[in-house]
Ligand SMILES: Nc1ncnc2c1ncn2[C@@H]1O[C@H](COP(=O)(O)OP(=O)(O)O)[C@@H](O)[C@H]1O
Ligand SMILES: [Mg+2]
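Protein chains in written order, with our numbering: chain A, 33 to 875; chain B, 150 to 412.
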C-alpha cells in the first residue's frame, strides 16, 4: 500500500504541484515569523544582558519601561556613599537625558518614529559578565562638556563624521545644542537594535539635561570581589535617599525582558494571526485537492477494495500520500521561511529597527513547530477525503459512473446552525452581556466564515446560476458552457471559492474598520477639537517645553494650551493622567456632566467611566502615586462624558510638575488671535521652530491626514500580509481547474472535435475560473461587510463613526475577476493544446 | 504432480459446493422506479468446475455475480461462499473473504495504472501482507507468458496482455472461486481464445473454480456448465455444451424471453 501511495504521488506530480507550493508558502510564512521573532528577542536579550550592571539604583515606583522623566535626582554625596560601601567595587552615577533628539547634517530629524534615542553620560560601568557596557569603535570617549560619542550607524544615517559639529535638540531653554563628534561606540551586547546612542561626558550631560545641577538620575553598582548582587543590593538600601530603590541587575533585566517581551509578543501574535489564516486557507486547498483526487480515482479505489483492501488500508494510502507531500513541502517551507525572515529583517532595518543577522537562525523549536503544523495540518485536511476513499464500495469497480456523494442537506443544516450560533454570538457582543464585546462579534465573524466554507457550493448555486445567465448573454455558447461547468459540481466550485472567501472576508472587515477609524478621527478632530493648530512629534513622544515657549511668542498666536500625558498608579493599577493648562476647555469640547472643567491645584476632572468605576462624585477625594513615590492628593472637581480626547483623569499641568514629573509637552494646541491670518501665522510658526525638527505644526486637516496616514500604513501592512492567503486561494483555483481539465479531457476533446476553437475553449475555462473567483469574493465581501459593521458597533467607544468604503469593496470584486482570469491561464492553455484524437481516446 | 493431485481432488469433490445462492432476490431502487434484477435465483456452483452464466443484456448476470462475490447485498435470499454465509458478515470479514477466497477478472481489466504488471499481480497478496509461493508464481507467470512483461505499466501492454495480468492476479492467491464478468468483452477473438484456454486450463490443471459471464457462445463452449438467465431468473441449466447447443438454446430462449416479458 505504501508503494501504491508513493506511485500515485509520483504519477501525479504535476497535479500536486499547487498543493505542494501552497503548503510550502504557508509553512514558510510561519517559519519566517518564528525566526524573525527569535531574532528580535535574541537581539534585545543580548543588549539587555550586555548593558546591565551587577545592581542599579533608580527612582522608585516608576514603570521602568515607560521612559517617563522625573525630576528626582541623587546627589554626588549619595553616589559617594554608595561607592564607599565595602560591598561595592565601584558606583557610577548616570545622567540621562529625556526629550533629546539628533538632527542630521541636512537639518532633518534622525530616527524618532520607532527605536528610541538614548542620551546619557559615558561611564566605565561594567555589565553582569564584567565586560565594559560600552565599546569604543573609533576616535575616543567624550571628555570635555562639548564632546559627543555616538553609535556608528546613527552617525552614518545623520551624515556626520568624526570631527563634525553635531546638532542636538535638548530640553534646555536654548533647545538646540552643538557638540563635536569625537568617536563612535556601541553596546557590548551587539548592536543597538536601531536605537540612537548619544554619549556625552558627565559634566556635559549635567549641563544639557539637568540645567547644570551636579546631580545624577541613577547609579550603576559593581559588586566587590566575593559579594553577591543580592548582598550588594541589601547594603545599598541602607544608604539610599528616599524615593530611590536598589535592584539587582538580574531583576532589572527580567523586568525589561517582561515588558519588551510583551511588546514583541504582540508583534509576533499579529504576524502569527496572518500566518494562521494562510495555513487555514492552505488546509482548504489540500482538502479540496484530495477530495478531487479521490473522486477521480473512485474506480481504482474500488478495485483495491474488490481485491481485498480494507477500508483502513484504502484510507491510509491517501493519508500516506498526503504525509509525504507535507514532508517535502514543509522542508521547502522552512528553508523559504528562513529567507523570508531575512527579508523581514531587512525591511525592519530600513525602518530603523536592526536585528543582528546572526540571531536569525532556524531554531529546533521553529523547525519542529513548522513540521507539526505543516504535516498535521495536511493530514487533518486530507482526513475527510481519505475516509471518503475508504467508503468507496467495491462494486463501483464494475460500474461506469461513480456514485455521487449525498449530504448536501446535512451540510446546509450544519451551516444554518452555525449561522444561528454566529447571530447569537454577535447579539451577545452587541448587548455587552459578558466579556469583551468585540471578541464576541469577532467570534461570530469566524463562525459565519466557517458556515459559508462548509456550504459555499450550495449557498452559491443561485449566484453561479446568475453568472451562467450573464455569461450566456455576454459570450454566447462559450459563456454558457463556462458558467455551466462552474455549476455542475457546485460543491467543488464552492470548496475552491471558499479559500478566497476567507481572505476576502478578512480584507473587507479590516477595510471597513480602517475607513471607520479614519472617519472617526475626522469627526473627532472636527467636533471635539477647537484648536487652529496642533503641535506634536511624529511618534507622539514628549518634547521640551521650550518649544511651546517659542511658539507662544509668535505674532498672531492668541492662546497656547499645553498638555502632558503622564503615567501614574491608582489603586495599584497603572493609569494615564493628562496634565492640562487652565484654559484647556477652550480647546477640547467636553460634555461636562457635573461640576466644572476649570481646575485649581489639587483638583481633577475625571471621565464618567472612571467616576462610575470608583464611585466618585464631585468632591470625592483620591490619591495617585507618581515615580519617586510622590503622592498627589486630588479632589474631583468635574465629571466629563468619556471621550477620546482626554485621559481618564485630568489635572492642572503644574500639579504634574509638583508630583516630580519632569515637565515636557505631549501636545501643544494653538488658537489664533482674533483677526489673525491663519496662513501667515502657520508660516511664522513653522519658521519659529525650523531649527528643531522634532515637532510639526499642523492645522486640523493636516493633523487628521497625518493620523489617516498612520492608519493606512497599518492597513496596507495588513493587506500585504493577507496577500499570501489570497495568493494561496488563487493557487487553489489553478489547482481545481487543472484537475478538472484532466478529468474532462475526453469531453474537451469532443468539444474540439465538434468545432469549438482553441480560443473559445480557453474562454470557457477562463469564465469558469472567473465564476469561481467571483463567488468566493462576493461571499467574502458579504461576510466581511456584516462582520466589519458589527465589529465597528462593538468597538463604538473607540471607533465612533461608521464608514463603508463601497468603492474599495467594488475594487476587491473587480480584483477577484482579474485573479480568476490569471488563475485560468495555465489550465486554459493546457486544455486548448490537447490533441483532439488523443483526448477522445482517453478512457 | 501438482496437476494430477488437483485433478484428483477435483474429481473426488465434484459435488462439493464453492458458492451457493438460495432464493436470491435483488431489487434496485424503490417504488415505481424499482428494478427487480434478480427474481429468486437458486444456484450452486460446484468446486473445480467452470461455470458460465449467459443471458440477454440486463437479464441480471452481473448482479448475480456481484451478489455471489459479496460486492452487493441481496434484497432477499442467502449467499454462501466457501461455507460462510455472507449475510451476517461485517465489512471487515467481507473484505477478508474477498482478499483470501475470491478472485476477480473484470471486463475493463481494472489494473492500477501506476503499478507495474508485477506489482499489480502481487497486489492482493501484499494487501494481505503475504508473499507468493515462488514455485506457484513461476508456474503462473510461465503459463500466462508474462515473464518479459512484468516490469511494464498497464499503459504499455496490449488489451490481451492486460487481461492476462488480471488473470494472473486472480490466480496467484489460489482463491476458492474466481469471478469473471465478460473478461473478453473488450478483446479481439484471438486474445479472447487465449483467455478462455487459460481459464479452462486453470480449472483442469489447478482445480480452480471459475464462474464467468459471457455473451460469446464460443467462449461459453469452454465451460463445464452453462446457466441461462432471463429477467432475473434461471431459465436453462446445461452441462458439457457445444457451440451449436448454445446457439440453439439461445434461439429457443428468445421467444421465451418475449413471453415472460409479455406476461
Ligand atoms: N446499481 C444499479 N442501480 C439500479 N439498477 C441497476 C443497477 N445495476 C443493475 N441495475 C439494473 O438491474 C438489471 C440487471 O442488470 P445487470 O445485472 O447489470 O445485467 P447484465 O449484466 O445481465 O447486463 C438491469 O435492468 C439494470 O438496469
Ligand atoms: Mg453486465
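Backbone N, C-alpha and C fix where the C-beta goes; we use that ideal spot for every residue, glycine too.
Cross-chain neighbours of residue i in chain B, by beta carbon under 9 Å
i, result
"residue 771(A)", "Here the premise fails: no neighbours, minimum Cβ distance about 16 Å."
Beta carbon proximity, residue i to chain A, threshold 7 Å
i, result
"residue 344(B)", "no"
"residue 455(B)", "Outside the displayed span of chain B (150 to 412) sits residue 455(B), for which this structure offers no information."
"residue 159(B)", "Any reading at residue 159(B) must be qualified, since the residue scores a pLDDT of 42, below 50, and its modelled position is unreliable; no value is offered."
"residue 410(B)", "Because residue 410(B) sits at a pLDDT of 39, beneath the cut-off of 50, its placement in the model cannot be relied upon, and the point is left open."
"residue 364(B)", "no"
"residue 248(B)", "yes"
"residue 259(B)", "yes"
"residue 301(B)", "no"
"residue 244(B)", "yes"
"residue 406(B)", "Residue confidence for residue 406(B) is low, a pLDDT of 47 falling below 50, so the modelled location carries little weight and cannot support an answer."
"residue 156(B)", "The predicted model places residue 156(B) with a pLDDT of 43, which falls under 50 and marks its position as unreliable; any figure quoted below should be read in that light. So no, residue 156(B) is outside the interface."
Closer than 7 Å to chain B by CB, residue i
i, result
"residue 339(A)", "yes"
"residue 434(A)", "Residue confidence is low: residue 434(A) scores 47 on pLDDT, short of 50, so the model does not pin down where it sits. No coordinate-derived value is stated."
"residue 426(A)", "yes"
"residue 757(A)", "no"
"residue 884(A)", "There is simply no residue 884(A) to check, as chain A begins at 33 and stops at 875 in what is shown."
"residue 895(A)", "Residue 895(A) lies beyond the residue range present for chain A, which begins at 33 and ends at 875; the question has no answer from this structure."
"residue 335(A)", "yes"
"residue 437(A)", "Low confidence applies here, because residue 437(A) scores a pLDDT of 49, under 50, leaving its location unreliable; read the following figure in that light. Closer than 7 Å: no."
Cβ distance (whole Å) where residue i is taken to contact residue j below 8 Å
i, j, result
"residue 607(A)", "residue 680(A)", "6 Å"
"residue 201(B)", "residue 363(B)", "6 Å"
"residue 92(A)", "residue 275(A)", "6 Å"
"residue 802(A)", "residue 858(A)", "Not quite, the Cβ-Cβ distance comes to about 15 Å (not below 8 Å), so this is no contact."
"residue 421(A)", "residue 346(A)", "5 Å"
"residue 228(B)", "residue 170(B)", "5 Å"
"residue 662(A)", "residue 652(A)", "Actually they are not in contact, since the Cβ atoms of residue 662(A) and residue 652(A) sit about 21 Å apart, beyond 8 Å."
"residue 354(A)", "residue 406(A)", "Not a contact, Cβ separation roughly 11 Å."
Near ligand 3: residue i beta-carbon under 6 Å from a heavy atom
i, result
"residue 723(A)", "Absent from the structure shown: ligand 3. Ligands present: ligand 1 and ligand 2."
Chain A residues whose Cβ lies nearer than 7 Å to that of residue i
i, result
"residue 268(B)", "35"
"residue 277(B)", "340"
"residue 220(B)", "338, 426, 427"
"residue 240(B)", "343"
"residue 330(B)", "430"
Proximal chain A residues relative to residue i, where beta-carbon distance stays under 8 Å
i, result
"residue 273(B)", "339, 340"
"residue 224(B)", "Those within 8 Å of residue 224(B) in chain A number zero; the least Cβ separation is about 15 Å."
"residue 263(B)", "36, 39, 40, 42, 43"
Where residue i meets chain A, residues with beta-carbon distance less than 9 Å
i, result
"residue 333(B)", "Those within 9 Å of residue 333(B) in chain A number zero; the least Cβ separation is about 16 Å."
"residue 211(B)", "430"
Residues that residue i contacts on chain B, provided the C-beta gap is smaller than 7 Å
i, result
"residue 421(A)", "Simply none; closest approach about 14 Å."
For a minimum of 4 consecutive residues, which ranges assigned as the alpha helix (DSSP H) are wholly contained in the segment 332-386 of chain A?
343-382
Which residues, in chain order, sit with a beta-carbon under 6 Å away from any heavy atom of ligand 1?
177(B), 178(B), 184(B), 186(B), 204(B), 206(B), 207(B), 208(B), 209(B), 210(B), 211(B), 212(B)
In chain order, which continuous runs of the alpha helix (DSSP H) of length 4 or greater are located wholly inside the segment 446-493 of chain A?
Here the runs fully enclosed are 469-491.
Can you list the alpha helix (DSSP H) stretches of 4 or more residues lying completely in the segment 213-285 of chain B, in chain order?
Runs of the alpha helix (DSSP H) lying entirely within the segment 213-285 of chain B, each at least 4 residues long, are 240-250, 266-277 in chain order.
To test your reading of the DSSP string, which unbroken alpha helix (DSSP H) runs of 4 or more residues are found completely within the segment 615-667 of chain A?
640-646
Whole beta strand (DSSP E) runs in the segment 182-247 of chain A with 3 or more residues, listed along the chain?
197-201, 208-219, 228-232
Contained beta strand (DSSP E) runs [length at least 3] in the segment 288-320 of chain B, N- to C-terminal order:
none
Can you give, in chain order, each stretch of the beta strand (DSSP E) that sits fully within the segment 751-830 of chain A and has at least 3 residues?
Entirely contained in the segment 751-830 of chain A, not one beta strand (DSSP E) run reaches 3 residues.
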